[in-house]
Structure formats: structure tokens, C-alpha cells
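Take our numbering: the final residue in the sequence shown is number 298, and no numbers are missing along the way. Each residue gets a CB set at the ideal place from its N, CA and C atoms; glycine is no exception. The next block holds one structure in the form of C-alpha cells; read it before the comments.
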Amino acid sequence: MTCGYDRTEITQHNFTTQSVCSIDARRDVVCYLTSHLNEYARGRAVARLLISGGGMCTTWRVGNTNRMLTNKHCFSTQSAFSGSEMQFNYQCATCGGANPGAGTKVSGATLYKVSSGGSSQLDYTLYSVNNFANIQGFGTLYLATTATTTGTRMYVPGHGDGNPKRLSIYEDTQNGATCAVRNANYNTWNISYSCDTSGGNSGSPVLNASHRVIALHHLGGCPSNQGAKAHLIYNEIASLIDNG
Numbered sequence: 055m056t057c058g059y060d061r062t063e064i065t066q067h068n069f070t071t072q073s074v075c076s077i078d079a080r081r082d083v084v085c086y087l088t089s090h091l092n093e094y095a096r097g098r099a100v101a102r103l104l105i106s107g108g109g110m111c112t113t114w115r116v117g118n119t120n121r122m123l124t125n126k127h128c129f130s131t132q133s134a135f136s137g138s139e140m141q142f143n144y145q146c147a148t149c150g151g152a153n154p155g156a157g158t159k160v161s162g163a164t165l166y167k168v169s170s171g172g173s174s175q176l177d178y179t180l181y182s183v184n185n186f187a188n189i190q191g192f193g194t195l196y197l198a199t200t201a202t203t204t205g206t207r208m209y210v211p212g213h214g215d216g217n218p219k220r221l222s223i224y225e226d227t228q229n230g231a232t233c234a235v236r237n238a239n240y241n242t243w244n245i246s247y248s249c250d251t252s253g254g255n256s257g258s259p260v261l262n263a264s265h266r267v268i269a270l271h272h273l274g275g276c277p278s279n280q281g282a283k284a285h286l287i288y289n290e291i292a293s294l295i296d297n298g
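What follows is the structure, encoded as C-alpha cells:
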């Protein structure tokens, strides 16, 4: 269920380096409203990103001011950024439904910082939006400022395949093994995990049980879906955000 692009366009333009590992255990965020209220609430700060020229990613509020994060490989130039749209509250009203509504839409305002290096490195874009007051009520997320550890419980809210927002909390089956960091030092820039993702999840926050962002999701290939280490991103953008 998507708005703005048809299924063929989504398939053509979406970034496909994210992977469903074994059984897809993702569910609509509203499915967790009772059982995982904190995860549901934190997911409200996450939005679908419609990229100028085609394609979709995920983006989210970071810190207490007008700042947003997504992947550099989603957009990194003013021209691509200027025509993009961020859709908050694009999620189904009922568990397993097809009734997301239009959401709350804002556009990009200022491009603050783009990471150096390639898409396998930190891969972030920091920016602000117009009409910030319209999205403040959805809350915000905060970056972890220290490295995570292997085995840490984690979850991923996002817009895989451009779909209404889903939560990836369990690895394979509902109420089975919860998603966890497989390798906290997969390489210099990334942690790894098997939490399910797909094209469109690029830019999703990876959160721990304390609901701090420990990684910025951007790469896949089971069993090693990867996220850029949030504490390294924080070190580069600390002066540009209010991290709480």
C-alpha cells in the first residue's frame, strides 16, 4: 500500500541491499500497541521518505530540534533533497489492515551535513524540514553516544518496500527469538544483525531496549544486515543536534 509511486516504480527505484532473513516477522506497528507500547511510541518519530526522481527510504527525527537523519545513499545533493517528501504517521490503523491514511507530510528545508566515504561506511545525511511544528507531536529519537555490544536486544521501525510503517522486533516468529546485535564490531563502521528489512528500510533507526538509536540501517545480505554505528555518527554531528 503506497502513495505517490506505483508498485513497478517502487521495485525499480528502491534500494535492495536489505534482506528478510528466513521468515519475515515484521508486523504493522499498531499490532504492538498493547504488547510493546514503548517500541510503538518511539516508532512515531519515523517517517517514510519519498525521494525526488523516484525511490523510497526511511527517515526520522533526531534530538530536540528540527533535525532529521536518513542515509546518504537516499539523497546527498540539494537537488535530490529539495523535491523529496517526508510522511509521518503513514501506518495502518488496524493490525494487518490496508488503511494507512495520508499521513502528515513535510518537505526538506536545509541540508546540514552528508557523511564522507561510500555507502558501506557511515552513510548518513542530516537535514531539517519545513513546517517543523506539524511533526513535533510525533516525538523524537536520540543517538547512543557509546558503542553497543554483541547480544544487545534491538528493534527496527521502518518503511520497507515503501509500505506503511512496520516494526521488526522478532527474528523469525512472533514471540520467538527477539532481534539482537549479532556482531557489534562487524567492521570499522557497522554492526550486524538478522532483524528483517527490505528495500525502503534504508535510513531506519536501529534501537536498543533503552530506546536509544545504536545504528543507522543501510546494508543487507543475511545473516549480516548492517547498520552504521550511531556513536560514530554522533561524534561527527554532535555540534549540529541537541541529543538530549
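Any non-hydrogen atom of the ligand FMN closer than 7 angstroms to residue i Cβ
| i | result |
| --- | --- |
| Arg-115 | This structure simply doesn't include the ligand FMN, nor any ligand for that matter. |
Limits of the alpha helix (DSSP H) - the one that residue i falls within
| i | result |
| --- | --- |
| Phe-135 | 132-136 |
| Leu-91 | 91-97 |
Residue from the options whose Cα sits closest to the Cα of residue i
| i | options | result |
| --- | --- | --- |
| Ala-147 | Arg-266, Gly-171, Ile-291 and Leu-87 | Leu-87 |
| Leu-273 | Asn-289, Arg-266 and Asp-250 | Asp-250 |
| Asn-262 | Ser-174, Ile-223 and Ile-287 | Ile-223 |
| Lys-159 | Ala-152, Met-140, Phe-135 and Val-84 | Met-140 |
| Gly-257 | Asn-217, Gly-212, Ser-264 and Tyr-288 | Gly-212 |
| Ser-182 | Val-84, Asn-120 and Ser-89 | Asn-120 |
| Gly-34 | Thr-203, Ser-169, Leu-104 and Val-235 | Outside the displayed range of the chain (55 to 298) lies residue 34, so it cannot be described from this structure. |
| Arg-102 | Asn-229, Gly-214, His-285 and Val-235 | Gly-214 |
| Pro-259 | Ser-173, Tyr-178, Ile-291 and Cys-149 | Tyr-178 |
| Phe-135 | Ala-156, Tyr-144, Gly-155 and Leu-165 | Leu-165 |
| Met-208 | Asn-289, Lys-219, His-265 and His-90 | His-265 |
| Gly-298 | Ala-198, Ser-133, Ser-106 and Ser-169 | Ala-198 |
| Phe-300 | His-90, Asn-229 and Tyr-94 | In this structure the chain extends from 55 to 298, so residue 300 is not present and cannot be described. |
| Gly-157 | Leu-180, Gln-175 and Pro-218 | Pro-218 |
| Gly-172 | Gly-230, Phe-129 and Ser-246 | Phe-129 |
| Ala-231 | Ile-245, Gly-216, Ser-252 and Thr-206 | Thr-206 |
| Thr-200 | Asp-296, Gly-107 and Tyr-288 | Tyr-288 |
Coil, strand or helix - residue i by DSSP
| i | result |
| --- | --- |
| Asn-188 | helix |
| Gln-280 | strand |
| Tyr-288 | helix |
| Asp-215 | helix |
| Ser-252 | coil |
| Leu-176 | coil |
| Gly-58 | Note that Gly-58 scores 35 on pLDDT, short of 50, meaning its location in the model is unreliable and no value can be drawn from it. |
| Ser-106 | coil |
| Tyr-240 | coil |
| Leu-195 | strand |
| Glu-63 | With a pLDDT of only 37 at Glu-63, under the threshold of 50, the placement of this residue in the model should not be trusted; the figure read from the coordinates follows. Glu-63: helix per DSSP, three-state reduction. |
Element boundaries [beta strand (DSSP E), containing residue i]
| i | result |
| --- | --- |
| Pro-259 | 259-262 |
| His-272 | 267-273 |
| Gly-162 | 158-168 |
| Phe-142 | 139-142 |
| Trp-114 | 110-115 |
| Leu-221 | 220-222 |
| Leu-123 | 122-124 |
Inter-residue CB distance, residue i and residue j (contact presumed, cutoff 8 angstroms)
| i | j | result |
| --- | --- | --- |
| Leu-270 | Arg-80 | Leu-270 to Arg-80, Cβ: 18 angstroms. No contact. |
| Thr-194 | Asn-92 | Not quite, the Cβ-Cβ distance comes to about 14 angstroms (not below 8 angstroms), so this is no contact. |
| Met-122 | Gly-254 | With a Cβ gap of about 17 angstroms, Met-122 and Gly-254 do not count as contacting. |
| Thr-131 | Thr-113 | Not confirmed; about 16 angstroms, so no contact. |
| Ile-268 | Ala-282 | Between Ala-282 and Ile-268 the Cβ distance is about 10 angstroms, and since that is not below 8 angstroms, they are no contact. |
| Gln-145 | Asp-78 | Actually they do not touch by this definition, with Cβ atoms about 17 angstroms apart. |
| Lys-126 | Leu-294 | With 8 angstroms as the limit, Lys-126 and Leu-294 do not qualify as a contact, their Cβ atoms being about 15 angstroms apart. |
| Thr-204 | Asn-153 | With 8 angstroms as the limit, Thr-204 and Asn-153 do not qualify as a contact, their Cβ atoms being about 39 angstroms apart. |
| Cys-85 | Cys-149 | 4 angstroms |
Segment contact flag, the segment 80-99 with the segment 232-243, C-beta cutoff 8 angstroms, min 3 pairs: No, the segment 80-99 is not in contact with the segment 232-243.
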